[in-house]
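Notes to accompany the following structure.
2 protein chains.
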Amino acid sequence: MLSKKAKYALKALVYLAKKKENELVLISEISVQERIPKKFLEQILLEMKKHFILHSKRGKEGGYYLSKNPDEIFIGNIIRIIDGPLAPIPCVSKLGYQKCEECIDEATCEIRKLMKQVRDSTCDILDNTTLTQLLNMKGVVVL
Amino acid sequence: MLSKKAKYALKALVYLAKKKENELVLISEISVQERIPKKFLEQILLEMKKHFILHSKRGKEGGYYLSKNPDEIFIGNIIRIIDGPLAPIPCVSKLGYQKCEECIDEATCEIRKLMKQVRDSTCDILDNTTLTQLLNMKGVVVL
DNA sequence: TATTTTGTCTATCGAATTAATAGACAAAAT
DNA sequence: ATTTTGTCTATTAATTCGATAGACAAAATA
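Residue numbers (my numbering), protein chains in the order written: chain A, 868 to 1010; chain B, 868 to 1010.
Written out as structure tokens, the structure reads:
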């Protein structure tokens, strides 16, 4: 499940990516236009900045902008920053691996193998979709 | 994210599927063998029963057993019973659809289209995997 | 029929997480 | 000096998750 926070992060990035390169955009503008609670959005953008996805300028005439080209920003990465691993279960996560306490033998765990497939198909999509591609999803027909 | 509850449910079903058809199995046996808290497991099995996945017999010599062939039990269905929709976001769920409050136009929402792809790939796997197939995952190589 | 063994049902609890709010602070422009 | 902006940390309210508790009901059998 994608958290609201992660959804807000994606919305904000999409919004910024639609602006001219390096154009400074106010938190309050994004907040109003995308209907995201401002104080909540502040935290999100700050976190994006800490992970070098965004740059900012303080003070009057300040604002946020993308720190790299949208085609270098991968959606999977953004979601991981906010929500943690994409894997449906920690024992099939690559970065966030954790053993199941109750698992008797991981090597033969059927559930693990199935969830690994789910993880892989999800990551296949999200780690191969850039912000640029996300912007161009309009054309993609999904019924 | 798969909840522990759903994981326990799957473990219990796998356990039951490995038994002889219609063999009665005690909650406490499953609890011990699969290391699932017994009282928690009770609730889970009861819910499976309500959804006609399991049958049970009360009293002495009682227990649980699968109410249908394992190749008629779909993993996606089980997870939905316990955790709700498989979709990463409610606006792309088929059964559990809900509009995003803050969404300005769902038809053009890029995030929605991407998440629809994630939903579809996940459901493709889970709605086409039966309990029988899950049992046979041993052979599947997943590195 | 009394006892034991099992599943059934409902309530409750503590911890963690999520979504959001609050407010003091710091930098930059004018 | 003032205003406008982002920065940082704390707190809160609500919800969910994982688990526990205990009274109850049915079935077998002694």
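Don't be surprised by glycine CBs; every beta carbon is placed ideally from N, CA and C.
None of these values were measured; they are calculated from a predicted model.
- Taking a beta-carbon distance threshold of 7 Å, K885 (chain B) does not count as an interface residue toward chain A.
- Your pair L880 (chain A) and L998 (chain A) checks out as a contact, with CB atoms roughly 6 Å apart and the cut at 8 Å.
- As summarised for the stretch 883-936 of chain B, the continuous alpha helix (DSSP H) elements at least 4 residues long and confined to that stretch are 894-901, 905-917, given in chain order.
- The beta carbon of S934 (chain B) sits closer than 7 Å to the beta carbons of F919, I920, L921, H922 from its chain, once the five residues preceding and following it are set aside; these are given in chain order.
- For M915 (chain B), the closest Cβ of chain A is not nearer than 7 Å.
- Under the three-state reduction of DSSP output, T996 (chain A) falls in the coil class, being neither helix nor strand.
- The C-beta of S898 (chain A) comes no closer than 7 Å to any C-beta of chain B.
- Membership of D938 (chain A) in any alpha helix (DSSP H) is not indicated, and neither H nor E is assigned to it by DSSP.
- Measuring C-alpha to C-alpha distances from G926 (chain A) to each of A:N936, A:E939, A:V892 identifies A:V892 as the nearest.
- By the neighbour-count criterion, in which a residue is buried when 16 or more other Cβ atoms sit within 10 angstroms of its Cβ, L883 (chain A) is buried.
- Of B:V1007, B:I897, B:E896, the smallest CA-CA separation from Q984 (chain A) is found for B:V1007.
- Within the same chain, L953 come within 6 Å of T989 (chain B) by CB-CB distance, once the 5 residues on both sides are set aside.
- For the pair K966 (chain B) and M1004 (chain A), the CB atoms are not nearer than the 7 Å cut-off.
- I945 (chain B) and D991 (chain B) have their alpha carbons spaced roughly 15 Å apart.
- Under the Cβ distance rule, R986 (chain A) does not count among the residues neighbouring chain B, no pair being separated by less than 7 Å.
- Taking all protein chains shown into account, A873 (chain A) has 16 or more neighbouring C-beta atoms within 10 Å of its C-beta and is therefore buried.
- The beta carbons of Y964 (chain B) and C970 (chain B) sit about 13 Å from each other, so the pair does not count as a contact at 8 Å.
- When rounded, the separation of the alpha-carbon atoms in Y875 (chain B) and S960 (chain B) is 24 Å.
- In this structure, E977 (chain A) places its C-beta atom within 7 Å of the C-beta atom of L1001 (chain B).
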